[in-house]
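Novice: Residue numbers (our numbering): 1188 to 1536.
(1) Would you tell me roughly how many angstroms separate the C-alpha atoms of residue 1525 and residue 1453, rounded to the nearest one?
(2) What residues match up with residue 1421 in a beta bridge as DSSP calls it?
(3) Does the structure place the stretch 1398–1416 close enough to the stretch 1459–1469 that three or more beta carbon pairs sit under 8 angstroms?
(4) Could you give the DSSP three-state label for residue 1195: helix, strand or coil?
(5) For residue 1234, does the count of other Cβ atoms within 10 angstroms reach 16, so buried, or fall short, so exposed?
(6) Between which two residues does the beta strand (DSSP E) containing residue 1305 stretch?
(7) Determine the direct distance from the alpha carbon of residue 1383 to that of residue 1314, and round the result to whole angstroms.
(8) May I ask you to report which of helix, strand or coil DSSP gives residue 1322?
(9) Since residue 1343 and residue 1291 should fall inside the 8 angstroms C-beta cutoff, what is the C-beta to C-beta distance between them, to a whole number of angstroms?
(10) Can you name the start and end residues of the alpha helix (DSSP H) that residue 1273 belongs to?
(11) DSSP three-state label for residue 1279, please.
(12) From the DSSP output, read off the bridge partner residues of residue 1339.
(13) According to DSSP, is residue 1353 helix, strand or coil?
(14) Please report how far the alpha carbon of residue 1502 lies from the alpha carbon of residue 1496, in whole angstroms.
(15) Out of curiosity, what's the CA-to-CA distance linking residue 1416 and residue 1294?
(16) Excluding sequence positions up to five away, which residues of its chain have a Cβ less than 6 angstroms from the Cβ of residue 1304?
(17) Using the three-state DSSP reduction, which class does residue 1440 fall into: helix, strand or coil?
(18) Assess, as a yes-or-no matter, whether the stretch 1481–1497 is touched by the stretch 1509–1516 under the definition of 3 or more beta carbon pairs within less than 8 angstroms.
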């Protein structure tokens, strides 16, 4: 009897070999619930912002005070403004030029997107893209008809042979911005304790190599979509890539994992949608338009277009604004990683 009792006691203490599915799992705790819900919420938020911004920008684009020129004066110009207002209310701003030569130069410099010379003659630049071409030819076609003329057009800033739709700069910039975003995100993930000076060297290397690659692929030696001068083109693209990468690094460093989402919204969504790569900023909603003048993507895209087809339009602005973004990011990271932590820059990570 005692042996049976001992045997039962031994069986009771022996580990169970039942299948794991036969054992009830404990109810999910707060950590599990967060892990389930947070990714869904973050991804859907970013997707909602993406859809909302792009639909707001491009579902029914129309110009807002698009700059156009004319050599007409007096009553003729007044009639021109009235006709344009009738065709597209609030769509155009008319700039007066003294003669055809200055009007032509203004179109080629992209100070205006078209110039009407009177008697049905229109100067335009197809390098501005199909949307702008359709807008100005339709509007000034109505003006010419009201003046009892057939519209005669002259393309004084033609699109590049490798960029007939004027969209290549958008895709080139989008690829670089995506790369900059991924670089800024992975540099802290792969090497969170990397020494500050080496992290800045990595950022500089990324920008330089990215500029060389994009300029080579899209430039005259590649697809011919960006046929501008090679060295200035590399410089602008490199600065734009470094600005995006540096800003992403800052957001990640300041806000942790939330900074990844903030960077995707700021750079990938707002930056690319307001870049002017699809159509000029004059077609964007009023709340989105100013971003094209300050975010690295819009500043860089305008300079890339200017270097390729518009006599360096936007280059000076890019060479001023893009370094400000880079230096600002470098300063914030220095204050965060070196100065406030009290870690000397010469100390190994």
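Cβ atoms here follow ideal geometry from the backbone N, Cα and C, with glycine treated the same way.
Specialist: The answer reads as follows:
(1) For the purposes of this step, residue 1525 is taken as the residue at position 338 of the chain shown. For the purposes of this step, residue 1453 is taken as the residue at position 266 of the chain shown. Cα to Cα, residue 1525 sits roughly 26 angstroms from residue 1453.
(2) Start at 1 with the first residue of the chain shown, and residue 1421 comes out as number 234. Answer by DSSP bridge pairing: none, since residue 1421 is not bridged.
(3) no
(4) Residue 1195 sits at position 8 when you count from the first residue of the chain shown. Residue placement at residue 1195 cannot be trusted, given a pLDDT of 48 that sits under 50; the coordinates are not used to answer.
(5) The residue given as residue 1234 occupies position 47 in the chain shown. Exposed.
(6) Here the question's residue 1305 lines up with position 118 in the chain shown. Counting along the chain, the beta strand (DSSP E) containing residue 1305 begins and ends at 1301–1305.
(7) Position 127 of the chain shown holds residue 1314. Position 196 of the chain shown holds residue 1383. Near 42 angstroms, if we compare the C-alpha coordinates of residue 1383 and residue 1314.
(8) In the chain shown, counting from the first residue as 1, residue 1322 sits at position 135. If DSSP states are grouped into helix, strand and coil, residue 1322 belongs with the helices.
(9) Within the chain shown, numbered from 1, the residue matching residue 1343 stands at position 156. Within the chain shown, numbered from 1, the residue matching residue 1291 stands at position 104. At roughly 5 angstroms, the Cβ-Cβ gap stays under 8 angstroms, so residue 1343 and residue 1291 are in contact.
(10) For the purposes of this step, residue 1273 is taken as the residue at position 86 of the chain shown. Segment 1261–1274, the alpha helix (DSSP H) holding residue 1273.
(11) Start at 1 with the first residue of the chain shown, and residue 1279 comes out as number 92. Note: residue 1279 maps to strand in three-state DSSP.
(12) On the chain shown, position 152 is the one that residue 1339 refers to. Answer is 1308, bridged to residue 1339.
(13) By 1-based counting over the chain shown, the position of residue 1353 is 166. Residue 1353 falls in the coil class under three-state DSSP.
(14) Sequence index remark: in the chain shown, residue 1502 carries index 315 (1-based). Sequence index remark: in the chain shown, residue 1496 carries index 309 (1-based). Cα-Cα distance, rounded: 12 angstroms.
(15) Along the chain shown, read from residue 1 onward, the residue named residue 1416 stands at position 229. Along the chain shown, read from residue 1 onward, the residue named residue 1294 stands at position 107. Looking at the two C-alpha atoms, the distance is approximately 20 angstroms.
(16) Looking up residue 1304 in the chain shown gives position 117. Around residue 1304: 1258 and 1287.
(17) If you number the chain shown from 1, residue 1440 lands on position 253. In this structure, residue 1440 counts as helix in the three-state DSSP scheme.
(18) yes
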